[in-house]
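Count the sequence shown with our numbering and you get residues 1 to 79, in order. Each remark here refers to the structure printed beneath this line.
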Amino acid sequence: MKQKRILLPTIDDAKMFVAAATQCDFDIDVYYNRVVIDAKSILGVLSLDLRNVLTVQYDGENEAFEAFLEKMAVKRTAA
């Protein structure tokens with residue numbers, strides 16, 4: 001399983017995320033606290049509080065999807 005922490009600050013970002021996830025032939029889940037949402041569900045993704053960091057979990061490979069995740073990834077800063 002691969003995991004990536006992302007931010008989807010706008011509704012357009014959420015739409016692009018779902019569109020990218022839909023192109024994948026493997027399951028993709030989005031986690032926030034105890035809530036698990038199917039990443040291919042626009043209603044599910046929009047129901048999340050998009051102001052917070054989301055965890056995406058998937059078990060497959062798709063270059064376009066992973067490039068999108070990298071673009072939206074939470075950048076860690078040194079403390």
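Even for Gly, the Cβ is constructed at its ideal location relative to N, Cα and C. On a predicted model such as this, the values are computed, not experimentally measured, just so you know.
* When you compare only the Cα positions, how much space is there between Lys-15 and Ile-42? -> If you take the alpha carbons of Lys-15 and Ile-42, they lie about 7 Å apart.
* To do: Entirely within the segment 9-71 and at least 4 residues each: give me those alpha helix (DSSP H) ranges in chain order.
  => Fully enclosed alpha helix (DSSP H) runs of 4 or longer: 11-22, 42-46.
* Asked: In the structure shown, what three-state DSSP assignment does Lys-75 receive?
  -> Of the three classes helix, strand and coil, the one that applies to Lys-75 here is coil, per DSSP.
* To do: Could you tell me which of Phe-17, Ile-28, Gln-23 sits nearest to Pro-9, measuring between CA atoms?
  => Closest by C-alpha distance to Pro-9, out of Phe-17, Ile-28, Gln-23, is Phe-17.
* Asked: Excluding sequence positions up to five away, which residues of its chain have a Cβ less than 8 Å from the Cβ of Asp-59?
  -> Closer than 8 Å at Cβ, skipping near neighbours: Met-1, Lys-2, Phe-26, Asp-27.
* Determine the closest residue to Ala-39 out of Glu-66, Arg-51, Ile-11, Ala-20, with distance taken between C-alpha atoms. => Nearest C-alpha to Ala-39: Ala-20.
* Buried or exposed: which applies to Val-36, given that a residue is buried once 16 or more other Cβ atoms fall within 10 Å of its Cβ? -> By the beta-carbon neighbour count (other beta carbons within 10 angstroms, threshold 16), Val-36 is exposed.
* Should Val-91 go down as buried or exposed, given a rule of 16 or more other Cβ atoms within 10 Å for buried? -> Nothing about residue 91 can be reported from this structure: the residues present for the chain run from 1 to 79 only.
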